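Novice: Dropping the structure in here first, questions after.
Protein chains: 2
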Amino acid sequence: MVIELLTSHSSVRKYKDIPLSREEVQNLVRAGQHAASSHFVQAYSVIYVTDQGKREQLAELASNKRQFLTAGAVLIFCADYCRLASAAELHGEEIDYSYAENMLVGAIDVALFAQNVAIAAESKGYGICYIGGIRNAPTKISELLGLPDGVAPMFAMSIGVPDEANEVKPRLPVEAILHENSYDTEKYKQLLPDYDKTMHDYYLNRGSNQKDTAWSEQMTDFLAEPRRTHMKEFLAKQGFKFN
Amino acid sequence: MVIELLTSHSSVRKYKDIPLSREEVQNLVRAGQHAASSHFVQAYSVIYVTDQGKREQLAELASNKRQFLTAGAVLIFCADYCRLASAAELHGEEIDYSYAENMLVGAIDVALFAQNVAIAAESKGYGICYIGGIRNAPTKISELLGLPDGVAPMFAMSIGVPDEANEVKPRLPVEAILHENSYDTEKYKQLLPDYDKTMHDYYLNRGSNQKDTAWSEQMTDFLAEPRRTHMKEFLAKQGFKFN
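Order-wise, the sequence lines are chains U and G. At the far end of the first sequence sits residue 1570, using my numbering, and the numbering has no gaps. At the far end of the second sequence sits residue 1570, using my numbering, and the numbering has no gaps.
Following this line, the structure appears as structure tokens:
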């Protein structure tokens, strides 16, 4: 049953006008907190955005009006070493989280946590969508939400009662993902053309936003230009210097 | 029911001598693939380590004999832009994934995927444990598993039939994690001493490995020294230069 829930996931971007209660959001976040955390650092925070003005500014900054304005709840997921710095202060110590390792731990910790929140929400009949678009304007969004040093927004999530049902997108064949004992480049090179055919059919025939493209083509276009080159400087400003 | 499954998670480090079948591992990985992926890049791979010699070497390199030698399955989760580079090659293009943004996307993508694998496994009655210890020796482990440029191991996971049941560790109070509209440092500063008391009781009284400590103390000790300072150089070698 749980596996059926996991494999039926598709992003929901259109919601009915039914807000989640604060208590529901708390319960989802509590479920999220039970994900594993590296050495139990719990290096994450969530900003639950209920203020209409802030939701409007987020919608502008992340170029995503539909979700930020209509979702039943808007959550901003952050990697967080500020709370760990406060914990160390209790013992008169300073911590140095400026290393690449710390950024990785924060990004992985918050993602494990968020995926639990997503699954908890979907198990209650809600739809969700991850929104990486907040990394288009991380400095302004951090100012808007008062994020201190040691905190960096990684992604947002919209949650709500679905007003659409998207088809489940075909994933890469498991053989292209799962290697046994050694990484095998040749195997997936052989599998990509067939997967492209599958995705071409999917993109042409899906319920909305049809397009004549395939996965490898989409990826090539998407990654043709460097992505979000401001991130290094933004993260350094927050204390994540990749030392 | 799903939320009960999520909130009952505790890491399992001791397994019965019952291997998972290859088919079971494939099914868990398929369930993992249904997690969301940033722009559908699917920027992850898993190395399923069945070779006894390689499991022994991993056990040494990650200083974790018990899990690498006794788990029913050992999976190494990697951020992967190599497959995306292959996809672009089909169109005669090269991609540049040397930016901090690309590393973040890879780390987040593989973590969302892994958390689905974890939940799928736990829903089948297996226990799991994330193992960050592979980042102690990423260069040697990458050689052992033949990881090409664009691929970096992020963490491992042991999966198996539990031979122990650990208590669920008390998480930070939700109020210390969840902020409304603005990040609130003061709120959690007030909550940390009580949480320390809770964790002190937990560490003193749990079933095994009792210790006289609290969360803030543990964190302060853990982060007193820079962590895994070799990661920057290793990641740069794999092509993740944090540009």
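Beta carbons are placed, not taken as given, at the ideal position from N, Cα and C, and that holds for glycine. Small disclaimer: the values here were computed from a predicted structure and weren't measured.
State the start and end residues of the unbroken beta strand (DSSP E) segment that holds Met1484 of chain G.
Specialist: Per DSSP, Met1484 of chain G belongs to the beta strand (DSSP E) from 1478-1487.
Novice: Gly1284 of chain G by DSSP, collapsed to three states: which one?
Specialist: This structure cannot settle anything about residue 1284 of chain G, because the visible part of chain G is limited to 1328 through 1570.
Novice: Any beta-carbon of chain U closer than 8 angstroms to the one on Thr1556 of chain G?
Specialist: So, interface residue.
Novice: Does Asp1344 of chain U pass the burial test, meaning 16 or more other C-beta atoms within 10 Å, or should it be called exposed?
Specialist: Counting Cβ neighbours within 10 Å, Asp1344 of chain U comes out exposed, since fewer than 16 surround it.
Novice: Which residues bound the alpha helix (DSSP H) around Ala1389 of chain G?
Specialist: It is not in any alpha helix (DSSP H) - Ala1389 of chain G carries neither H nor E in the DSSP assignment.
Novice: How many angstroms separate the CA atom of Ile1485 of chain G from the CA atom of Ser1390 of chain G?
Specialist: Note on residue identity: the sequence assigns Ser, not Ile, to residue 1485 of chain G. Going by the C-alpha atoms only, they are around 14 angstroms apart.
Novice: Report the residues of the segment 1356-1379 of chain U with a CB closer than 9 angstroms to any CB of chain G, ordered along the chain.
Specialist: Cβ contacts with chain G: Val1356, Arg1357, Ala1358, Gly1359, Gln1360, His1361, Ala1362, Ala1363, Ser1364, Ser1365, His1366, Phe1367, Val1368, Gln1369, Tyr1371, Ser1372, Val1373, Ile1374, Tyr1375, Val1376, Thr1377, Asp1378.
Novice: Quick one, which of G:Tyr1529, G:Val1495, G:Cys1409, G:Arg1498 has its alpha-carbon nearest Phe1567 of chain G's?
Specialist: The shortest C-alpha separation from Phe1567 of chain G is found at G:Cys1409.
Novice: Taking Cβ to Cβ, would you say Gly1459 of chain U is nearer than 8 angstroms to Ser1365 of chain G?
Specialist: Yes, the Cβ-Cβ distance between Gly1459 of chain U and Ser1365 of chain G is below 8 angstroms.
Novice: Residues of the segment 1456-1477 of chain G in Cβ contact with chain U at a cutoff of 8 angstroms, in chain order, please.
Specialist: Flagged, chain order: Cys1456, Tyr1457, Gly1459, Arg1462, Leu1472, Gly1473, Leu1474, Pro1475.
Novice: In whole angstroms, what is the alpha-carbon distance linking Thr1540 of chain G and Ser1372 of chain U?
Specialist: Distance between the alpha carbons of Thr1540 of chain G and Ser1372 of chain U: 24 angstroms.
Novice: Cβ closer than 9 angstroms: which chain G residues qualify as neighbours of Arg1270 of chain U?
Specialist: Residue 1270 of chain U lies beyond the residue range present for chain U, which begins at 1328 and ends at 1570; the question has no answer from this structure.
Novice: Report whether the distance from the Cβ of Leu1402 of chain G to the nearest heavy atom of the ligand PLP is below 7 angstroms.
Specialist: Of ligands this structure carries none, so the ligand PLP is not represented either.
Novice: Since Ala1412 of chain G contacts Gly1477 of chain G with CB under 8 angstroms, what's their CB separation in whole angstroms?
Specialist: About 6 angstroms; that satisfies the 8 angstroms criterion.
Novice: How long is the line joining the alpha carbons of Ala1398 of chain G and Ile1504 of chain U, rounded to whole angstroms?
Specialist: Going from the Cα of Ala1398 of chain G to the Cα of Ile1504 of chain U covers about 21 angstroms.
Novice: On the CB-based measure, 16 or more other CB atoms within 10 Å of its CB, does Asn1443 of chain U come out buried or exposed?
Specialist: Burial call: buried.
Novice: Applying the criterion that 16 or more other CB atoms from any shown protein chain within 10 Å of the CB defines a buried residue, is Ser1335 of chain U buried or exposed?
Specialist: Answer is exposed; the Cβ neighbour count stays below 16.
Novice: So does the segment 1443-1458 of chain U actually touch the segment 1482-1501 of chain U, counting three or more Cβ pairs closer than 8 angstroms?
Specialist: Enough Cβ pairs lie closer than 8 angstroms, so yes.
Novice: Can you give me the C-alpha to C-alpha distance between Phe1549 of chain U and Ile1422 of chain G, rounded to a whole angstrom?
Specialist: One C-alpha to the other measures close to 9 angstroms.
Novice: Where in the segment 1419-1463 of chain G do unbroken runs of the alpha helix (DSSP H), each at least 4 residues long, occur, reported from the N-terminal end onward?
Specialist: Runs found: 1427-1450.
Novice: Taking the Cβ atom as the reference point for each residue, do Ala1406 of chain U and Gly1433 of chain U lie within a distance shorter than 8 angstroms?
Specialist: Yes, the Cβ-Cβ distance between Ala1406 of chain U and Gly1433 of chain U is below 8 angstroms.
Novice: What is the rounded straight-line gap between the Cα of Val1339 of chain U and the Cα of Lys1538 of chain G?
Specialist: One C-alpha to the other measures close to 46 angstroms.
Novice: Using 8 angstroms for Cβ pairs, my map puts Ala1447 of chain U next to Leu1355 of chain U. What's the rounded Cβ distance?
Specialist: With a Cβ gap of about 5 angstroms, Ala1447 of chain U and Leu1355 of chain U count as contacting.
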